[in-house]
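Chains X and L, in that order, are what the protein sequence lines are. 1 is the number of the first residue of the first sequence in the UniProt record's numbering; add one for each residue after it. 1 is the number of the first residue of the second sequence in the UniProt record's numbering; add one for each residue after it. Right, one structure below, let's go through it.
There are 2 protein chains.
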Amino acid sequence: MRIVKLTKETTENILENMLKRSPTQYGTYEASVQEIIENVKTRKDAAVFEYTEKFDHAVLDASTVEVTQEEIDEAYNIVDPELIGVIRRCMKNIREFHEKQKQNSWFTSTENGTMLGQKLTALNRVGVYVPGGKAAYPSSVLMNILPAKVAGVKEICMTTPCGRDGKVNPVVLAAAKEAGADRVFKIGGAQAIAALAYGTESIPKVDKIVGPGNIYVALAKKAVYGNVSIDSIAGPSEILVLADETANPRFVAADLLSQAEHDELASAILITTSQELAEKVSEEVDGFLKVLSRSDIISKSLDNFGYILVTDSHQEAIDTVDAIAPEHLEIVTKNPFEDMMKVHNAGAIFLGENSSEPLGDYFAGPNHILPTNGTAKFFSPLSVDDFVKKSSIIYYSREALSEIHEDIESFAKSESLTAHANSIAVRFEGEE
Amino acid sequence: MRIVKLTKETTENILENMLKRSPTQYGTYEASVQEIIENVKTRKDAAVFEYTEKFDHAVLDASTVEVTQEEIDEAYNIVDPELIGVIRRCMKNIREFHEKQKQNSWFTSTENGTMLGQKLTALNRVGVYVPGGKAAYPSSVLMNILPAKVAGVKEICMTTPCGRDGKVNPVVLAAAKEAGADRVFKIGGAQAIAALAYGTESIPKVDKIVGPGNIYVALAKKAVYGNVSIDSIAGPSEILVLADETANPRFVAADLLSQAEHDELASAILITTSQELAEKVSEEVDGFLKVLSRSDIISKSLDNFGYILVTDSHQEAIDTVDAIAPEHLEIVTKNPFEDMMKVHNAGAIFLGENSSEPLGDYFAGPNHILPTNGTAKFFSPLSVDDFVKKSSIIYYSREALSEIHEDIESFAKSESLTAHANSIAVRFEGEE
Numbered sequence: 001m002r003i004v005k006l007t008k009e010t011t012e013n014i015l016e017n018m019l020k021r022s023p024t025q026y027g028t029y030e031a032s033v034q035e036i037i038e039n040v041k042t043r044k045d046a047a048v049f050e051y052t053e054k055f056d057h058a059v060l061d062a063s064t065v066e067v068t069q070e071e072i073d074e075a076y077n078i079v080d081p082e083l084i085g086v087i088r089r090c091m092k093n094i095r096e097f098h099e100k101q102k103q104n105s106w107f108t109s110t111e112n113g114t115m116l117g118q119k120l121t122a123l124n125r126v127g128v129y130v131p132g133g134k135a136a137y138p139s140s141v142l143m144n145i146l147p148a149k150v151a152g153v154k155e156i157c158m159t160t161p162c163g164r165d166g167k168v169n170p171v172v173l174a175a176a177k178e179a180g181a182d183r184v185f186k187i188g189g190a191q192a193i194a195a196l197a198y199g200t201e202s203i204p205k206v207d208k209i210v211g212p213g214n215i216y217v218a219l220a221k222k223a224v225y226g227n228v229s230i231d232s233i234a235g236p237s238e239i240l241v242l243a244d245e246t247a248n249p250r251f252v253a254a255d256l257l258s259q260a261e262h263d264e265l266a267s268a269i270l271i272t273t274s275q276e277l278a279e280k281v282s283e284e285v286d287g288f289l290k291v292l293s294r295s296d297i298i299s300k301s302l303d304n305f306g307y308i309l310v311t312d313s314h315q316e317a318i319d320t321v322d323a324i325a326p327e328h329l330e331i332v333t334k335n336p337f338e339d340m341m342k343v344h345n346a347g348a349i350f351l352g353e354n355s356s357e358p359l360g361d362y363f364a365g366p367n368h369i370l371p372t373n374g375t376a377k378f379f380s381p382l383s384v385d386d387f388v389k390k391s392s393i394i395y396y397s398r399e400a401l402s403e404i405h406e407d408i409e410s411f412a413k414s415e416s417l418t419a420h421a422n423s424i425a426v427r428f429e430g431e432e
Numbered sequence: 001m002r003i004v005k006l007t008k009e010t011t012e013n014i015l016e017n018m019l020k021r022s023p024t025q026y027g028t029y030e031a032s033v034q035e036i037i038e039n040v041k042t043r044k045d046a047a048v049f050e051y052t053e054k055f056d057h058a059v060l061d062a063s064t065v066e067v068t069q070e071e072i073d074e075a076y077n078i079v080d081p082e083l084i085g086v087i088r089r090c091m092k093n094i095r096e097f098h099e100k101q102k103q104n105s106w107f108t109s110t111e112n113g114t115m116l117g118q119k120l121t122a123l124n125r126v127g128v129y130v131p132g133g134k135a136a137y138p139s140s141v142l143m144n145i146l147p148a149k150v151a152g153v154k155e156i157c158m159t160t161p162c163g164r165d166g167k168v169n170p171v172v173l174a175a176a177k178e179a180g181a182d183r184v185f186k187i188g189g190a191q192a193i194a195a196l197a198y199g200t201e202s203i204p205k206v207d208k209i210v211g212p213g214n215i216y217v218a219l220a221k222k223a224v225y226g227n228v229s230i231d232s233i234a235g236p237s238e239i240l241v242l243a244d245e246t247a248n249p250r251f252v253a254a255d256l257l258s259q260a261e262h263d264e265l266a267s268a269i270l271i272t273t274s275q276e277l278a279e280k281v282s283e284e285v286d287g288f289l290k291v292l293s294r295s296d297i298i299s300k301s302l303d304n305f306g307y308i309l310v311t312d313s314h315q316e317a318i319d320t321v322d323a324i325a326p327e328h329l330e331i332v333t334k335n336p337f338e339d340m341m342k343v344h345n346a347g348a349i350f351l352g353e354n355s356s357e358p359l360g361d362y363f364a365g366p367n368h369i370l371p372t373n374g375t376a377k378f379f380s381p382l383s384v385d386d387f388v389k390k391s392s393i394i395y396y397s398r399e400a401l402s403e404i405h406e407d408i409e410s411f412a413k414s415e416s417l418t419a420h421a422n423s424i425a426v427r428f429e430g431e432e
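Here it is, written out as structure tokens:
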């Protein structure tokens, strides 16, 4: 792995290189995504099935697009019961963590008769996108569906592309059933996002679409945003390890590679003040590359977006973490808790040498759907909050309004909104 | 005002008509907005100043684009001190309500050494858009800035279009200063959104852009979403009054008109089971129209998007509220609190005959920047939550990891992610 001495210039070059991975930079795909969306919006099912045949090479119709109970039963017959056991243990942790995110409706009141508050309501129907393609990720099924379930969403519609045989990966199906998907559709890509956003004869319109996907899915989600809500625009995965001379280089190397294996756009970065650690990690990476099954992908991702950055000071290292705003941050230093307090921008922060990133991907409980590509500066992990919305509640008694009505009228008049002022004034007509 | 008997068909027609007001339906403006954004992204200040001259007829340069302390002092000299007093009393309520929205970072722990949590961090720099043009809205300045301030945002950059003389409305400036804007820029439109999203020589790049604006602003916010975060895509304002025979028709009429006066795309709707109330409200509306200063705008907005809907049943009325998902909902019935409990979708809910909508626009405390045009099905009022983001925190001790490491390895292998499995396995090398 390349070792780079960090300077202001190298930081800027690296940040610029990283941003090339952003879905919003891929202008060339936008026209075709827009065409797919328009087509699904107007021709509905017919367009969805045509695109599924074209892109996924699967022939579907209104009677086969939705997964049946028989197909779910079949999936359970295929999947190793021990894996179901693992899935259930993971689900317990994920559910427990997300239960803690639940917020209450609340109000305040005063004795002269004012009540102000915030009422929380779960979304009615959400769409959950689960990628298919290169690999099947049942863990993403759990991470998408469980927060919605905990929030109390009434209907969860999952979509995931099927294979040429019109079948969905059985582990994905079993995970969907375990997590509580109400309906599962066998479609993927921009056509699936468009179908969920506008509704077709077979696929119901939803209020929000969540879940990561490829570049077409990301751009389609952005295009339908406003008509429905979305969680965020996901880019390729990334890990940043902040480590000092106390870190175990073999663990650090293994963790870097765990993200690099996702795809060729994934990014793995080590930032350290220790030149010695830098060199040892680089060696360990080379060693692992000889034995890991996905070393082709890993090598490409490391060549493109992998760095070992050596900094002069610990503060400089922290500042670089904030500038990169990584999806996953591991802090493997003398005082990981103290360092965590200094960091502003990261999707998930893993503390200490035993908190390997895959612990969070599957088991610990916090969500693994996280802001990528610098968006941890302003986006958050997928959470129960994504599946509820708020309404403000305002009650004023006659007494309470009469005490302050003149302030409202003055303010409204200063904005030349005389009908606003009138709506208050009319309530005090004929009074002094 | 037209009175319509509600049937399934009329509901659908009305919903379709309402959605015509959505910024995302205005395909024709997207190309010009995209051109403005690309131009500002590459030519920065130069492009911003060209567009400001073209659209706002104001000549700005790097030395005049930002509001100076002298200009703020000048604004305070012009603005009526009594209005400053009103603004301060409103601010007190707005701040108090938003303080209640603040959430804590939290964690859970177990004795064998696991800590899981959620760390909240305020956004570093946000951009606040305040419309200029037809009217100046100092209340929007307060509603935009105060939640950011309460959240602890480090730098708040406000932009608002200036007049031909290069000056910003003095009340807007004074409100910005009172609320705590750190910097104020005299630009508006899509060029302002692009400048905040990408940064120019004079205008810093922000993490999130909030605040309502015209169609160009709405489309520009959507276009830059992903590169920065945004609050939502705002459309024209709307009010829905749910009332029964106990409602005062004069108050209802006045409240309907208070939203209709915003612009010709605004929508004012009454839903009631009482034909008698429907007729009386219609009469009162006609009466007010003769005396209100903005009756031209009001008449057009009522013709386009104003309805008095009469339903057979109270439940049908509630269902129609949910289908419309209004920005502002007034409930003026025998049991407004009970009816509120039945409603799922509304930005802000005003209870009882004294809780007139303008009370919420200015004074009560809850935010007046609300989801419009049906988006209350999935969006929330602007809040402190908009200005913080979360990072998950994960710590596992050696002991805790050793108890469950096999589950993680099994799950990772089931997804064919062998480097994920390896990052856990490597920590137990040489052990049984």
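Where is the CB? At the ideal position from N, CA and C, for every residue including glycine. Predicted, not measured: the structure shown is a model, and the values here were computed from it.
Beta bridge counterpart(s) of residue i as assigned by DSSP
{"i": "L:C157", "result": "L:G127 and L:R183"}
{"i": "L:G117", "result": "L:F107 and L:I393"}
{"i": "L:E238", "result": "L:S267"}
{"i": "X:Y307", "result": "X:I269"}
{"i": "L:Y225", "result": "L:V228"}
{"i": "X:V4", "result": "X:L309"}
{"i": "L:V172", "result": "In DSSP, L:V172 forms no bridge with anything."}
For residue i, the nearest candidate out of the options (CA to CA)
{"i": "L:R2", "options": "L:D73, L:I187 and L:V310", "result": "L:V310"}
{"i": "L:T108", "options": "X:G166, X:L120 and X:P366", "result": "X:P366"}
{"i": "L:I408", "options": "X:F428, X:T333, X:Y362 and X:S397", "result": "X:Y362"}
{"i": "L:A176", "options": "L:T159, L:D165, L:G166 and L:A190", "result": "L:T159"}
{"i": "X:H328", "options": "X:A190, X:Q34 and X:T372", "result": "X:T372"}
{"i": "X:Y198", "options": "X:P212, X:A243, X:E50 and X:K221", "result": "X:K221"}
{"i": "L:S356", "options": "L:A412, L:A254 and L:K119", "result": "L:A254"}
{"i": "L:R294", "options": "X:A419, X:A174, X:K186 and X:P170", "result": "X:A419"}
{"i": "L:N93", "options": "L:N124, L:G360, L:E155 and L:D296", "result": "L:G360"}
Contact list for residue i against chain L, beta-carbon separation under 9 Å
{"i": "X:C90", "result": "D407, I408 and F411"}
{"i": "X:P161", "result": "The premise fails here: X:P161 is roughly 16 Å from chain L at the closest Cβ pair, so nothing lies under 9 Å."}
Interface residues of chain X facing residue i [CB-CB closer than 7 Å]
{"i": "L:V86", "result": "D407, S410 and F411"}
{"i": "L:D207", "result": "K377 and F378"}
Exposed unless 16 or more other CB atoms sit within 10 angstroms - verdict on residue i
{"i": "L:D286", "result": "exposed"}
{"i": "X:D385", "result": "buried"}
{"i": "L:F97", "result": "buried"}
{"i": "X:N77", "result": "exposed"}
{"i": "X:D56", "result": "buried"}
{"i": "L:S383", "result": "buried"}
Within chain L, the residues that residue i reaches when beta carbons sit closer than 8 Å
{"i": "X:M158", "result": "In chain order: nothing, as chain L lies at least about 17 Å away."}
{"i": "X:Y396", "result": "G352, N354, S355, L359 and A364"}
{"i": "X:A136", "result": "E415"}
{"i": "X:K390", "result": "S380, P381 and S383"}
Closer than 9 Å at the beta carbon, the chain X residues around residue i
{"i": "L:H57", "result": "Ordered by position in chain X, no residue passes the 9 Å Cβ test against L:H57, which lies about 21 Å from the chain."}
{"i": "L:F49", "result": "None at all; the shortest Cβ gap to chain X is about 26 Å."}
Segment limits, alpha helix (DSSP H) that includes residue i
{"i": "L:G199", "result": "From DSSP, L:G199 is part of no alpha helix (DSSP H); its letter is neither H nor E."}
{"i": "L:I233", "result": "From DSSP, L:I233 is part of no alpha helix (DSSP H); its letter is neither H nor E."}
{"i": "X:V332", "result": "Not the alpha helix (DSSP H): X:V332 falls in the beta strand (DSSP E), residues H328 to V332."}
{"i": "L:Q69", "result": "Q69 to I78"}
{"i": "L:Q259", "result": "P249 to A260"}
{"i": "L:K413", "result": "R398 to S414"}
{"i": "L:E245", "result": "Run containing L:E245: none; DSSP gives neither H nor E here."}
Limits of the beta strand (DSSP E) - the one that residue i falls within
{"i": "L:K208", "result": "K208 to V210"}
{"i": "L:L351", "result": "A348 to L351"}
Partner residues on chain X for residue i, Cβ-Cβ distance less than 8 Å
{"i": "L:T311", "result": "Result: empty, since nearest Cβ-Cβ is about 21 Å, beyond 8 Å."}
{"i": "L:G347", "result": "S391 and S392"}
Within chain L, partners of residue i - CB distance below 7 Å
{"i": "X:Y225", "result": "K222 and Y225"}
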